[in-house]
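Residues in the sequence shown are numbered from 998 upward in steps of one, following our numbering. Data block below; observations after.
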Amino acid sequence: MTIYQTLLGDDFARLHPMLQQRYALPIDESFFAKGVMHQIKSGAKWMCPFYTLAAKTRFLFPESGEDIPFTISNTCRALPSGELDVLWERTFYFPQKTRHFDARMTIDPIQKIVKDYLGTPALFYSDLHFTVTRAGTLVIRSGKQRFVPLAFRMPDA
């Protein structure tokens, strides 16, 4: 079972069949897709130096735009510890620059959260709470966020 099946338990079967297919990742096999992001916003101008620095770790980036082509690859891997993780690799093709946004996800079955490590190497971490609605949709909510090297909690702002 993948980390998402383990985390959601019986609720995984209530997901829409396309979502089940999307999140049932066999170990060492990649899911690959491509599409178009209708809009990407870079955020506040004063954050641009941070976004530029974060781009070096395949995390955030300063570019924004509309109708930006992208690809995504997800691969479930077994770690030496026996724990499973899922590597998310997203590539955005802006007219002047190609940018990346990587993440590595594992689960904490006790707290029932997905541990989302952002960037390569991971500098930021976020708790993700997954729930399945009655209609079979998947809702993902962000929880606590941390700056990984210093392990301090990020302010809510």
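Just so it is clear, CB atoms sit at the ideal spot from N, CA and C, and this is done for glycine as well.
Exercise. In angstroms, rounded to a whole number, what distance separates the CA positions of T1049 and H1097?
Worked result: 12 Å
Exercise. At what residues does the beta strand (DSSP E) containing R1019 begin and finish?
Worked result: It is not in any beta strand (DSSP E) - R1019 instead sits in the alpha helix (DSSP H) that spans P1014 to Y1020.
Exercise. Does the distance from the CB of F1121 to the CB of F1056 come in under 8 Å?
Worked result: yes
Exercise. Taking the alpha-carbon positions, what's the Q1017 to S1078 distance?
Worked result: 26 Å
Exercise. Under three-state DSSP, which class holds F1056?
Worked result: coil
Exercise. Run through DSSP, which three-state label would F1047 get?
Worked result: helix
For this session: Can you give me the Cβ contacts of I1000 inside the same chain, cut-off strictly under 8 Å, excluding the 5 residues immediately before and after it?
Result: C1073, L1081, D1082, V1083, M1102, T1103, I1104 and V1111
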